[in-house]
Ligand SMILES: [Zn+2]
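Dropping the structure here:
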């Protein structure tokens, strides 16, 4: 039976409401499921984060080759009874800026802060190309054996900061900069 002419607008209105409701519901659920399943955060990592904890964006957003090398190194470290954790990996620009602001407050000047924390434009953490590992024993282990995995320290003043240098497997790690202000990337 065909709907009467007067009920047609009501029916159309109902259909529109149902469609709007469905769209609204889907956008709500997709937002929340993305937050549940995707890596979370601006890169800040809780204490004791392992190289496998890729529910955190600080791990998940790292360069895949760097993360692969780091996981291989971490497995080898366990054989030497060394537990390697990641204190910092990928960072959002906002997080990097926050760290820089904190460093300026701590060290009293931009010039001194620059020896420890790069700007969001220059930091290899923001591009996912650097990790800070800990504790000190694990950083020392990686400083000794990292070249086997293509992982090299970049700066003399940061024994915890490593970047991927694939050529290091054959040639050893390149010379370190005294601190980040000597790094051409920061000029
Ligand atoms: Zn670092």
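Numbering (this note's numbering), first residue to last: 297 to 483. We put the CB at the ideal spot given by N, CA and C, even for glycine.
- Within the chosen limit of 6 angstroms, ligand 1 does not reach the beta carbon of residue 410 with any heavy atom.
- The C-beta distance from residue 456 to residue 376 rounds to 18 angstroms, too long to meet the 8 angstroms contact threshold.
- Remark: the shortest separation between the CB of residue 426 and any heavy atom of ligand 1 falls under 6 angstroms.
- For residue 449, the enclosing beta strand (DSSP E) covers residues 447-449.
- The beta carbon of residue 418 lies closer than 7 angstroms to those of 481, 482 in the same chain, with the five residues before and after it left out.
- Per DSSP, reduced to three states, the secondary structure at residue 378 is coil, with no helix or strand assignment.
- Burial is judged here by how many other beta carbons sit within 10 angstroms of a residue's own beta carbon; residue 334 has fewer than 16 and is exposed.
- The way I'd put it, the region 381-389 does touch the region 348-357; three or more beta-carbon pairs between them come closer than 8 angstroms.
- The alpha-carbon separation between residue 429 and residue 361 amounts to approximately 17 angstroms.
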